[in-house]
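Going by my numbering, the sequence shown opens with residue 72, and the numbers climb by one from there. For glycine and all other residues, C-beta sits at the position ideal for the given N, C-alpha and C. Computed from a prediction, not measured in an experiment: that's the story for all the values here. Here is the structure we will look at.
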Amino acid sequence: MGVALSRAVQWDSSGADKLENTPLNKAMLSEILLFTEEFGARHPQEAKLVFREPLQWKTSLEASDFKTEYDISGESVMSQESDKEGRPLLHLTPPDITVYTFQHLSNLLQLTEDKKMKEVQACLDANRDPLKKILGSNSATVHLDEGEEDELSGEKELEMKLLNNLKELDTKLLNIAVGQITREGRLSPAAVDGEVDQLKSLCGTGESLVLKSVRYTSDYVFSNGCRSPPWRQMDGEICSLIIETCDTEPTLFITCSTTGVFLHEGLIGDVDENSYKTKSDVYQDLVTLLKNKSPHFAKTISEQAIQEVPSEKFQHMETVDEQETGQTLRSYDRREKNVHEKAKQQLVQEKPGGRMKKFEPSLKWKNLGLTSSYDKVEVKKAGRSGEGKNILPHGTKSPASDSKKRANFSETSLQGCRSSQKIKTPGGADDFIESSSEGEEDEEQPDRRAETTTDLPNEYWQIQKLVKYLKGANQTATVIVLCSLRDFNLVQETCQLAIRDVGGLEVLINLLDTEEIRCKIGSLKILKEVCCNSQIRRAIVDLGGLQTMVSILDSSDKELKCLAAETIANVAKFRRARRMVRQHGGIKRLVELLNCVPDGASVGAERERDMEVARCGALALWSCSKSTRNKEAIRRAGGIPLLARLLRSPQKNMLIPAVGTLQECASERSYRIAIQTEGMIKDLVKNLSSDNQELQMHCASAIFKCAEDKQTRDLVRQYNGLKPLVMLLNEAENKQLLAATTGAIWKCSISMENVAKFQEYKALETLVGLLKDQPEEVLVNVVGALGECAQIPENLATIRKCGGIQPLVNLLIGTNQALLVNVTRAVGACATHPENMTIIDGLDGVRLLWSLLKNPNPEVQASAAWAICPCIENAKDAGEMVRSFVGGLELIVKLLKSPNKDVLASVCAAIAKIAKDVENLAVITDHGVVPMLASLTNTVDDKLRRYLAEAIARCCTWGSNCVSFGDAGVVAPLVRYLRSKDPLVHQSTARALFELSKDPRNCITMHEHGVVKPLVDMIGSTDEVLQEAAASCVANIRHLALVYDKARYG
72 MGVALSRAVQ WDSSGADKLE NTPLNKAMLS EILLFTEEFG ARHPQEAKLV FREPLQWKTS
132 LEASDFKTEY DISGESVMSQ ESDKEGRPLL HLTPPDITVY TFQHLSNLLQ LTEDKKMKEV
192 QACLDANRDP LKKILGSNSA TVHLDEGEED ELSGEKELEM KLLNNLKELD TKLLNIAVGQ
252 ITREGRLSPA AVDGEVDQLK SLCGTGESLV LKSVRYTSDY VFSNGCRSPP WRQMDGEICS
312 LIIETCDTEP TLFITCSTTG VFLHEGLIGD VDENSYKTKS DVYQDLVTLL KNKSPHFAKT
372 ISEQAIQEVP SEKFQHMETV DEQETGQTLR SYDRREKNVH EKAKQQLVQE KPGGRMKKFE
432 PSLKWKNLGL TSSYDKVEVK KAGRSGEGKN ILPHGTKSPA SDSKKRANFS ETSLQGCRSS
492 QKIKTPGGAD DFIESSSEGE EDEEQPDRRA ETTTDLPNEY WQIQKLVKYL KGANQTATVI
552 VLCSLRDFNL VQETCQLAIR DVGGLEVLIN LLDTEEIRCK IGSLKILKEV CCNSQIRRAI
612 VDLGGLQTMV SILDSSDKEL KCLAAETIAN VAKFRRARRM VRQHGGIKRL VELLNCVPDG
672 ASVGAERERD MEVARCGALA LWSCSKSTRN KEAIRRAGGI PLLARLLRSP QKNMLIPAVG
732 TLQECASERS YRIAIQTEGM IKDLVKNLSS DNQELQMHCA SAIFKCAEDK QTRDLVRQYN
792 GLKPLVMLLN EAENKQLLAA TTGAIWKCSI SMENVAKFQE YKALETLVGL LKDQPEEVLV
852 NVVGALGECA QIPENLATIR KCGGIQPLVN LLIGTNQALL VNVTRAVGAC ATHPENMTII
912 DGLDGVRLLW SLLKNPNPEV QASAAWAICP CIENAKDAGE MVRSFVGGLE LIVKLLKSPN
972 KDVLASVCAA IAKIAKDVEN LAVITDHGVV PMLASLTNTV DDKLRRYLAE AIARCCTWGS
1032 NCVSFGDAGV VAPLVRYLRS KDPLVHQSTA RALFELSKDP RNCITMHEHG VVKPLVDMIG
1092 STDEVLQEAA ASCVANIRHL ALVYDKARYG
């Protein structure tokens, strides 16, 4: 019991000396309860042995629960037996109880009835090392020397027997711990990160919203992958999460540990170790916990959205082999069944009729010589004639064969091949560079679905019979079987996996290498349907099916080329498949398919076939274009002018893949330039007025990406594309279309000419209405558009009158980083109007902006600091408002240590505004603003130079700051600023030099570094502020010279 309680039992990590509520602890408590309850009957002599120290805890028992064997006096209960010193062996003074023997512990448990488990847990909570109290501190080292056994006293002999009994219990407890770990595995940081990424993909999906947000409490990742502090990692913790569900209140605070996931108390107020105290059961993964805690999540989630037991998670689990431990996993004497054997029996599923399903070896892998010994499973034909068994090289069966013999379509005969063999590609490491837009399936993440004990439908077995016929059929029979297979609903997962499990994919891919056109067509039609399943897609790639399909693109048969291209489009949904298409020359062949549409050269049915070939080629390129290298390959193969020609097609089914490919590729600058030069903007604008919403969405998305360039924005306006975009804002039900449309409007509004048009079309009123009840991807674009439109003063009143200020301020408490960047910019723009600023201040918007300075994202920090500047400028009592933020001034001064230049520039601008108030200037001076500003003066960034000089000028007005700046060496760098070509840098620098020239020593330094000549030139500037500052600085230098001459010459 000592080793088990110290190493295997899971104690509360908060330091409360309590057992956690975990399955492992429950199993071990049950074993201890069974041992203690029966100990008095099994070992009556040892049960009477008095403990060295009593076990004491707080019990739920009362005097009324005890029987006549005890002396009851009011609320107090004492046993009739006592030890040598006259102390009762059991003494109850509610709620405290003291027990000295196992006999009374056993009797006590029999009295507690349904509270036995709680009583045992309470006892262990209060007595963390019970063995030490029972047998003393040296109990672990007690042993018998030779010849000493006969000399033992009766009491010493009983102690030795009791010690042996407790050691047996300890061994069983450890076996339970080993068994629990073996069955459940242990979570790893990689497994948790993978599951968190899957849950994040379910956030913010509009009407199908599953979760509101998923975020870590700490962004710092240790070298072992954990995010929890080291002192909690010692208890097995990996990280802590905050998950906002759609129906659970309050927010879920979750801890992920190596033993599972559970809820903790939360991070409200002052965070201490009690905040991480367990408050729920321990679950095997996050999905299971969320299903138990969020009814909305359990109802909405589906297998397609997230696998309940992803195999990647199991790849990262650390398991213990039961056989290697050399220990039995049986429980106490009452438990007779072996859990491991029972689990093995549940894995075996019989077919109807009593026959067990056998997997056949993959012909493709076998021919390539890549079959692993663990993949060779016994195969037995289901018909009358039998086939020989596959035997491993040394004549022994594969150790994996028993576990794979089950008629369950949730396992794959190819899984071992994929994990044990990996084919090297000639592309090298560079081929793994993919586009950031890839959000579908990642490499090497095969699905692993939960085991099912339900009967498989008849279609499963019928398909398997047909596939077996297919293996030995002639050409005619093969075509008939292929037609029969197409009669099934191949979109259904059961039918797809039935083909895979019996080895049908290998046969279908082998048929693609034949010379029979009909067999190729039939095989491709089936593969095209079944590869909508992610497992099938990976299996096809593993079997080399993509290479064969790419080679078919050279066929003269147009139907065959169409089917091959469509199948490639369905398979290339993950990066390894896309990379393989490129490496085997598929991109160039697919681009050539686009050239099958001659300009008016063919008519009728022939032209329709050519159009279909081009459409299928565009579909395949659309799938492949999610990889950065594939985008470049398409461009080099001459795909851009061909796509431009398809863009003028009147057929919508042709336009959608063409525009889809273009909008995917528009993330690259070379494509954006080509889209402009090829005249595609006009066609994209034209199709915005289509009646097909999918086509409209892709056109708007392409404009969204291309409108980063000013020329594109001007072209959209010239081709009258702004009005259709505004009209599409009314399609609020289609969230994808709305996101693309608002994105296009956002980027187009960067040009002020377009903003004037949006004013004319009343776009601002509609955009303000979209600030509520929209997914984040829409809000990011809407707020971005409002931020750009707010640069025109007339629009500030419009936003206020439409009620847009409050929803904008409300968005400042979000967690989406892109949204925070845009919303701070929009609030800052609105704050330039005094009436808007009054509303923002009333909504506590400035405090929220200031709190965003703590955000770890530099873009958010910079955007928040820029927004604070107009707030201070236009607030009624700005100085008092800033001082009311506890720790606010210290926070903004500390940001001067940031390595990000945009953050530094924005903070300097904010400091320049803050320093207008004398009291605030005194506070930031005490926080060390002078040396921090001085340390930044050697920068060559003109934007930072401008605001840094402005901040220095403002800070010079307090006390001896002017002298301190001179001592810190800021004068010489500031003189160099005058060489900049930016007139705004000249203005702020001249003002700073003027303030610094009030100290004589600074004047001397300026004169030594040649400041007079550039300042004299600037006196003739048309900028009055620059004129005055330059002239004043020269006057101070000249005045010092006159004083010196007067003192020297009298």
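Rank the options by C-alpha distance to the C-alpha of residue i and give the top, closest one.
i     : options                       : result
K697  : P712, G675 and R649           : R649
V267  : I580, L1064 and S284          : S284
A773  : L759, D785 and N763           : L759
K757  : T748, E749, A745 and A771     : A771
Q151  : P166, L132, E133 and Y171     : Y171
N1073 : K632, A1112 and L233          : A1112
G307  : E91, L361, I313 and L360      : E91
A868  : M908, A889, V849 and I103     : M908
M1089 : T1076, S1051, E1079 and H1080 : S1051
V1000 : C1027, V573 and D1012         : C1027
Per DSSP, what kind of secondary structure is residue i in: helix, strand or coil?
i     : result
K138  : coil
Q378  : At Q378 the pLDDT is 43, less than 50, meaning the model places this residue with poor confidence and gives no usable figure here.
R1109 : helix
H769  : helix
V1114 : helix
G331  : strand
P1002 : helix
M149  : strand
I744  : helix
K1147 : What the structure shows of the chain is the stretch from 72 to 1121, and residue 1147 is not part of that stretch, so it cannot be assessed.
Y291  : coil
W1029 : coil
T349  : strand
I957  : The sequence shown places Val at residue 957, not Ile. Here V957 sits in coil by DSSP.
T524  : Its pLDDT being 37, under 50, T524 is placed unreliably by the model, and nothing is read from it.
D221  : With a pLDDT of only 44 at D221, under the threshold of 50, the placement of this residue in the model should not be trusted, and no figure is reported.
L202  : helix
F645  : strand
R1050 : coil
R158  : coil
Counting along the chain, where does the alpha helix (DSSP H) carrying residue i start and finish?
i    : result
T172 : Where T172 is concerned, there is no enclosing alpha helix (DSSP H), given that its DSSP letter is neither H nor E.
I821 : Looking at the DSSP string, I821 is not in any alpha helix (DSSP H), and its letter there is neither H nor E.
For the beta strand (DSSP E) containing residue i, list its first residue and its last residue.
i     : result
R1062 : Per DSSP, R1062 belongs to no beta strand (DSSP E); it is in the alpha helix (DSSP H), P1054 to L1067.
H162  : L161 to T164
E1079 : Segment P1071 to E1079 is the alpha helix (DSSP H) holding E1079; no beta strand (DSSP E) there.
Quick one: is residue i buried, meaning 16 or more other Cβ sit within 10 Å of its Cβ, or exposed?
i     : result
D1070 : buried
V851  : buried
K776  : buried
E683  : buried
K984  : buried
W921  : buried
R1025 : buried
N1009 : exposed
Q394  : Any reading at Q394 must be qualified, since the residue scores a pLDDT of 35, below 50, and its modelled position is unreliable; no value is offered.
G855  : buried
Q1131 : Nothing can be reported for residue 1131, as the shown portion of the chain is limited to 72 through 1121.
C317  : exposed
R302  : Note that residue 302 corresponds to Trp in the displayed sequence, not to Arg. Counting Cβ neighbours within 10 Å, W302 comes out exposed, since fewer than 16 surround it.
P1002 : exposed
Write down the C-beta distance between residue i and residue j rounded to the nearest angstrom, noting that I regard them as a contact closer than 8 Å.
i    : j    : result
L553 : G593 : 3 Å
E802 : Q764 : 7 Å
V853 : T813 : 5 Å
V892 : S934 : 5 Å
V797 : T732 : The Cβ separation is near 27 Å, so there is no contact.
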